[in-house]
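Below is one structure, written out as structure tokens; comments come after it.
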Amino acid sequence: MKEAIVKTDFNFPNQKNLYVGKVRDVYNINDEYLAMVVSDRISAFDVVLPEGIPFKGQVLNQIATRFLDATADIVPNWKIATPDPMVTIGHLAEPFMVEMVIRGYLTGHAWREYKAGKRMLCGVPMPEGMKENQKFENPIITPTTKAMEGHDEDISKEEILKQGIVAKEDYEALEKYTQALFARGTEIAAEKGLILVDTKYEFGKKEGVIYLIDEIHTPDSSRYFYSEGYAERLAKNEQQKQLSKEFVREWLMENGFQGKDGQKVPEMTDEKVNQISERYIELYEKIIGEKFVKADAKSVNARIEKNISDCLKTL
């Protein structure tokens, strides 16, 4: 089994700083470019789990690359190059401090809120009489604040505008892009026998232009159901067959962990780590429609450092 890459600590020419996120190590190059290493770390409930997942970073980076390329006609995106299976290099944009979550189906967090009796989510009404995993008549946008640390919080459009977090004109552009990106992602998923259930997009601004930033349509940022059998399972109130990170959350919840104070992450055995890795590879092959090719497992950190360095010389 390949060793998971959970930490990088490079020093590139003109490097301003290194931001270590939950799963990404982001190198700021001269306040102009970002070199993003998608590590094999895995997080759930805003907590980084103790074990890395081999090939997870490669899976996420390569899926995101495909979808950035497949949506570049809708909105400009930050990607310039993908010099390594685990790396994207692109424009540094000033991020908007909201994440644009869009939901086509009542599941996950939305269902947990609905089951608790709530019929409004982020200021958006949810109809009475719905069941888990049922499709909304139209996708709903349920934004969250973008927390640098801790939990992202649900917030309404009205509150975003009232607090001046995003200007009205920009926010309305983000809504338009979010709907269009979700529609494109839904089409691509349908071609592969999948349903894009919900996802999130992050945007930034550079020189007055809005850019789509970060990953899109990956299993970390999105939820997918299999189309086949969806209606039958819904009718029988059975759980949907899904490809997303939700299976990791469910395993944690079954073992008494939801990221709350005093709770302990259950032991991640080699078997569990391998199982999660296989699920990520399965999603790659399903959504991309190609066999996943595992990158060379030898001296991965050295490979990543060289590939980034060589690419930066060309910018």
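Be aware that the sequence shown starts at 1, since it is given in full-length UniProt numbering, and climbs by one per residue.
Think of the CB as a built atom: it goes at the ideal place given N, C-alpha and C, for glycine as much as any other residue.
Keep in mind that this is a model prediction, so the values were computed, not measured.
Local conformation of residue i per DSSP, three classes
i           : result
D310        : helix
Q263        : coil
R103        : strand
Q242        : strand
N14         : coil
V6          : coil
residue 332 : Nothing about residue 332 can be reported from this structure: the residues present for the chain run from 1 to 315 only.
S299        : coil
K286        : helix
I155        : coil
M120        : strand
E175        : helix
I160        : helix
N237        : coil
E271        : helix
K168        : helix
F257        : coil
S222        : strand
V293        : coil
E232        : helix
T186        : helix
V26         : strand
E215        : coil
E250        : helix
K206        : strand
K135        : strand
K200        : strand
L315        : coil
C-beta contact flag for residue i and residue j at 8 Å
i    : j    : result
A70  : R184 : yes
V98  : I160 : yes
I276 : V87  : no
G104 : D198 : yes
A173 : T142 : no
Q179 : P125 : no
Y33  : L212 : no
D84  : I304 : yes
V59  : Y280 : yes
L106 : F136 : yes
V273 : I5   : no
I216 : F67  : yes
Residue i versus the options, residue with shortest Cα-Cα distance
i           : options                : result
D170        : I188, W251, V209, A189 : V209
N237        : Y211, E132, I165, K176 : E132
Q134        : I155, W251, G108       : G108
residue 326 : A64, E278, E51         : It is not possible to answer for residue 326, since the shown part of the chain is limited to 1 through 315.
L92         : E202, M130, W251       : E202
K286        : N255, I188, E232       : I188
D31         : E215, K22, F12, Q263   : F12
D214        : T144, R24, L283        : R24
Proximity test, residue i beta-carbon vs the ligand MG heavy atom, cut-off 7 Å
i   : result
R41 : This structure does not include the ligand MG; it has no bound ligands of any sort.
C-beta neighbour in chain C for residue i, strict 8 Å
i   : result
F55 : Chain labels in this structure do not include chain C; a single protein chain is all it has.
Hey, which unbroken runs of the alpha helix (DSSP H) at 4 residues or more fall wholly within the stretch 42 to 113? 56 to 70
Report yes or no: do three or more beta-carbon pairs, one from the stretch 290 to 303 and one from the stretch 50 to 60, lie closer than 8 Å? yes
At least 3 beta-carbon pairs within less than 8 Å: the stretch 194 to 213 vs the stretch 222 to 242: Yes, they touch.
Decide yes or no for the touch test of the stretch 65 to 81 against the stretch 7 to 18: beta carbon pairs closer than 8 Å, at least 3 of them. As far as the Cβ criterion goes, the stretch 65 to 81 does not touch the stretch 7 to 18, which means the pair count is below three.
Would you call the stretch 252 to 262 and the stretch 38 to 52 in contact, with 3 or more CB pairs under 8 Å? Contact between the stretch 252 to 262 and the stretch 38 to 52 is present, because at least three Cβ pairs lie under 8 Å.
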